[in-house]
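Protein chains in written order, with the working numbering: chain A, 2 to 91; chain B, 2 to 91. Have a look at the structure below before the remarks.
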């Protein structure tokens, strides 16, 4: 299980890339990138940019997709979610 | 390798859900859901709706994320892509 998580919201992609890089540079072996709804695409961008542009020794450990129930103004809505766990090889 | 693929575009989610259901109902053991860029979120929605609402015996076999180079008007751009392979248990 990843101890470190970055939650993807509506900020520019590079904000989240920097957050992930910071966690790896602080010694984290694994970082989980989590997103819901439309932010899922951005989560994939973050994972790909981290791996392809900055940390080639980081790999995708696992990707889980789930459905979360969100309490909204019009009752409960189902929202898709993703968790991408990146890990750094020794 | 999945023989059957559904490419996710900008149509309503249920169009793609129906396409996946049709392939499974035609006897497919596996269906690959593919998307690029902003359509990635919709691909996750499609996979989750198929599994949670229609075909509970369908599971996620694997999820791959990649970066594709797209020739656009302003040269080559990097675009994230996802492939979600669903399979039907016996």
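The beta-carbon is built from N, C-alpha and C at its ideal position, and this holds for glycine as well. Treat the numbers as computed from the prediction; the structure is a model and nothing was measured.
message: Cβ closer than 8 Å: which chain A residues qualify as neighbours of residue 39/B?
response: Position 38 of the second chain, counted from the first residue, corresponds to residue 39/B. Residues of chain A passing the Cβ test: 39 and 42.
message: Cutting at 8 Å between CB atoms, please list the residues of its own chain near residue 77/A, excluding the five before and the five after it.
response: What you label residue 77/A is simply residue 76 of the first chain in a count that begins at 1. Closer than 8 Å at the Cβ level, and outside the excluded window around residue 77/A, lie 70 and 71.
- prompt: Sorted by chain position, which residues of the same chain lie with C-beta nearer than 8 Å to residue 8/B's C-beta, five sequence neighbours on each side aside?
  reply: Sequence index remark: in the second chain, residue 8/B carries index 7 (1-based). Cβ within range, chain order: 35 and 36.
query: Within the 8 Å Cβ cut-off, does residue 68/A reach chain B?
result: On the first chain, residue 68/A is found 67 positions in, with the first residue counted as 1. Cβ-Cβ to chain B under 8 Å: yes for residue 68/A.
query: Is there contact here, the segment 17 to 28 of chain B with the segment 74 to 89 of chain A, by at least three beta-carbon pairs under 8 Å?
result: no
task: Answer yes if the segment 58 to 68 of chain A comes into contact with the segment 54 to 71 of chain B, meaning at least three C-beta pairs across the two stretches below 8 Å, and no otherwise.
output: yes
- request: Could you pull out every residue in the same chain whose Cβ sits closer than 8 Å to the Cβ of residue 92/B, ignoring the five residues on either side in sequence?
  value: Outside the shown range of chain B (2 to 91) lies residue 92/B, about which nothing can therefore be said.
task: Under 8 Å between beta-carbons, which chain A residues line up against residue 1/B? List them in chain order, please.
output: Only positions 2 to 91 of chain B appear in the structure, and residue 1/B is not among them; the question remains open.
- request: Using the Cα positions of residue 13/B and residue 27/A, report the straight-line distance between them to the nearest angstrom.
  value: Translated into positions along the second chain, residue 13/B becomes position 12. Translated into positions along the first chain, residue 27/A becomes position 26. If I take the Cα positions, the gap works out to 42 Å.
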